[in-house]
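Undergrad: Sending over a structure as structure tokens; questions will come in a sec.
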Amino acid sequence: METTKIQRYKRIISGVLCCLVLLGLVTGIETFLLMIPDHPPNQGTTVAAAAPGDPLWQPPPAKSIPAGPKGESILYGQSLIRQTAQYLGPKGSVLKISNGMNCQNCHLEAGTKPFGNNYSLAAVTYPKFRARSNSVETLYKRISDCFERSLNGKAPDTASREMMAIRDYIEWVGSGVTKGEKPKGSGIKSLPFMSRPANPENGAKVYRQQCQSCHGAHGEGVKDAEGIAFVYPPLWGPESYNDGAGLYRLSKFAGYVKYNMPYGTDYTAPVLKDEEAWDVAAFVNSQPRPHKDQTADWKDIKQKPVDFPFGPYADNLTEEQHKYGPFKKN
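Okay, so the sequence shown: first residue is 1 according to the UniProt record's numbering, each after it adds one.
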């Protein structure tokens with residue numbers, strides 16, 4: 001009898017211990033699961049975190065958007081930047097004046113991503129003299145250029161609700177920057193020039209490996225189910241940016257690609273090597289795209305950027321070298 005009781009107690013104790021072990025395992029698993037982020041790294045739209053002491057530019061917090069008509073205009077401007085095609089594309093609900101791309105296809109995360117061609121400096125930079133137009137340009141003119149070049153379309157009227165909303169949003173994004181300041185993270189991060197020309201054939205290989213899965217084998221991009229806007233923008237062809245766009249300059253596109261692509265990359269952990277970025281930029285910009293009449297640009301040819309691909313030039317280098325490099329002496 002005594003032996004039977006002892007055995008019964010042993011079974012009870014063993015059961016309790018098993019429950020405790022299982023409880024510990026479950027608790028440990030729950031703790032582990034809580035440590036797993038909701039989104040895999042590099043897939044969201046959060047801006048890169050600055051290292052301690054690193055004065056990396058960051059956009060203002062959403063809570064700083066004021067209430068009332070001004071705040072409503074800022075929010076409308078943000079929607080126009082994010083969903084340009086929805087409002088102003090070929091099937092736009094307001095106007096039909098652009099190619100179906102969204103402003104944030106080039107100005108990443110609605111112009112707020114560090115080194116993602118952001119709007120941090122726009123509000124404090126304009127009005128300013130620009131050598132391309134040989135005139136003092138306003139922020140309205142700069143926005144119009146984006147519509148006419150990157151969106152290969154027509155600009156909204158400067159008195160329109162849409163133009164004023166885009167202006168208000170851009171000014172809000174850069175509201176923490178003072179005139180004359182150029183914080184780290186603004187614009188596009190430059191790449192050192194290579195000592196050889198960028199090679200479109202090498203770039204085609206990089207494109208197939210790193211870009212084609214999103215942008216398509218023929219650079220055509222991917223549209224949404226309704227066919228209104230691009231989920232992944234076209235990199236060439238009739239619906240892409242024209243040859244007057246800023247990203248048609250190789251140095252701009254190479255820096256943009258290096259620190260932002262493949263999608264989800266940021267400047268802290270680039271995927272491409274410098275040479276790969278130059279070469280894939282050369283490949284993409286060697287493909288057919290709409291042409292913009294630029295006869296009125298760069299009247300003072302001495303002011304042309306070294307990588308502006310259309311002559312005449314103040315030097316004796318060919319258009320080929322001005323487009324692909326090398327842009328420095330060996």
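Note that beta-carbon positions come from the ideal geometry of N, C-alpha and C, so glycine has one too. The structure displayed is predicted, hence computed values, not measured ones.
Whose C-alpha, out of L75, T138, P55, L56, is nearest the C-alpha of K63?
TA: Nearest of L75, T138, P55, L56 to K63, Cα basis: L75.
Undergrad: Look at the alpha carbon of C211 and the alpha carbon of S98, and state the distance between them as a whole number of angstroms.
TA: Approximately 24 angstroms between the Cα atoms of the pair.
Undergrad: Mind listing, in chain order, the continuous alpha helix (DSSP H) runs of no fewer than 4 residues lying wholly within the region 79-141?
TA: Within the region 79-141, the complete alpha helix (DSSP H) runs of at least 4 residues are 84-88, 108-111, 122-125.
Undergrad: Is E319 near the ligand GTP, judged by its Cβ being under 8 angstroms from some heavy atom?
TA: This structure simply doesn't include the ligand GTP, nor any ligand for that matter.
Undergrad: I need the straight-line Cα distance from K302 to G325, nearest angstrom please.
TA: When rounded, the distance between both Cα atoms is 18 angstroms.
Undergrad: Determine which residues share a DSSP beta bridge with V177 and list them.
TA: Its beta-bridge partners do not exist; DSSP assigns none.
Undergrad: Compute the Euclidean distance between the alpha carbons of L108 and N260, then round it to the nearest angstrom.
TA: Approximately 9 angstroms, taken between the alpha carbons.
Undergrad: Once you ignore the five residues that flank A269 on each side, which residues in its own chain have a CB closer than 6 angstroms to its CB?
TA: Result list for A269: empty, nothing under 6 angstroms.
Undergrad: Please work out which residues of its chain come closer than 8 angstroms, Cβ to Cβ, to L317, disregarding the five sequence neighbours upstream and downstream, and give them in chain order.
TA: The answer is none, since no qualifying residue turns up.
Undergrad: Taking the beta strand (DSSP E) that C308 belongs to, which residues open and close that run?
TA: A quick correction: the sequence has Phe, not Cys, at residue 308. It is not in any beta strand (DSSP E) - F308 carries neither H nor E in the DSSP assignment.
Undergrad: Hey, how far is the Cα of E319 from the Cα of F310?
TA: Straight-line Cα distance between these residues: approximately 6 angstroms.
Undergrad: In the DSSP assignment, find the unbroken alpha helix (DSSP H) run with Y241 in it and report its ends.
TA: Per DSSP, Y241 belongs to no alpha helix (DSSP H) and is neither H nor E.
Undergrad: May I ask you to report which of helix, strand or coil DSSP gives Y324?
TA: Residue state, collapsed to three classes: helix.
Undergrad: Where does L75 fall in DSSP's three states?
TA: In this structure, L75 counts as helix in the three-state DSSP scheme.
Undergrad: What residue range does the alpha helix (DSSP H) around Y259 cover?
TA: Element bounds for Y259: 250-260.
Undergrad: Given a cut-off of 9 angstroms, decide if T112 and Y126 are closer than it, judged by their beta-carbon atoms.
TA: No, the Cβ-Cβ distance between Y126 and T112 is not below 9 angstroms.
Undergrad: Helix, strand or coil, according to DSSP, for F283 in the structure here?
TA: Of the three classes helix, strand and coil, the one that applies to F283 here is helix, per DSSP.
Undergrad: Below 8 angstroms on the Cβ atoms is my contact criterion, and I expect G219 with P234 to pass it. Report the Cβ-Cβ distance as a whole number of Å.
TA: Right, the Cβ-Cβ distance comes to about 6 angstroms (below 8 angstroms), so this counts as a contact.
Undergrad: Counting along the chain, where does the alpha helix (DSSP H) carrying K206 start and finish?
TA: At residue 206 the sequence reads Val, which differs from the Lys that was named. Note, V206: alpha helix (DSSP H), 200-210.
Undergrad: Beta carbon of K299, beta carbon of A277: below 9 angstroms?
TA: Contact: no.
Undergrad: By the DSSP assignment, the beta strand (DSSP E) with F193 in it spans what residues?
TA: That residue, F193, is in no beta strand (DSSP E); it is neither H nor E in DSSP.
Undergrad: Kindly indicate which residue of K182, E162, S144 has the alpha-carbon position closest to the one of W57.
TA: The shortest Cα separation from W57 among K182, E162, S144 belongs to K182.
Undergrad: Using the Cα positions of I29 and N118, report the straight-line distance between them to the nearest angstrom.
TA: Here the model assigns I29 a pLDDT of 31, short of 50, so the residue's position is not dependable and the matter cannot be decided.
Undergrad: Go to Y263, then tell me how far its beta strand (DSSP E) extends in each direction, as first and last residue.
TA: Per DSSP, Y263 belongs to no beta strand (DSSP E) and is neither H nor E.
Undergrad: Which of the three DSSP states is assigned to K292 in this structure?
TA: Here K292 sits in coil by DSSP.
Undergrad: Cα-Cα, which of R130, V177, S195 is closest to P55?
TA: When each option's Cα is compared against that of P55, the closest is V177.
Undergrad: Determine the closest residue to L247 out of D274, F327, C146, with distance taken between C-alpha atoms.
TA: The candidate whose alpha carbon is nearest that of L247 is C146.
Undergrad: For F283, I'd like the list of residues in its chain whose CB is within less than 6 angstroms of its CB, leaving aside the five on either flank, ordered along the chain.
TA: Counting only Cβ-Cβ distances below 6 angstroms, and skipping sequence neighbours, we find P200, G203, A204, Y207.
Undergrad: Buried or exposed for K328, going by 16 or more other Cβ atoms inside 10 Å?
TA: Burial call: exposed.
Undergrad: How big is the Cα-Cα spacing for V173 and P60?
TA: Going from the Cα of V173 to the Cα of P60 covers about 6 angstroms.
Undergrad: For V231, report the span of its beta strand (DSSP E) as first-last.
TA: Start and end: 230-232.
Undergrad: According to DSSP, is K299 helix, strand or coil?
TA: K299: coil per DSSP, three-state reduction.
Undergrad: Look at the Cβ atom of S120, then the Cβ atom of G187, and state whether they are nearer than 9 angstroms.
TA: Against a cut-off of 9 angstroms, the Cβ pair of G187 and S120 comes out as a contact.
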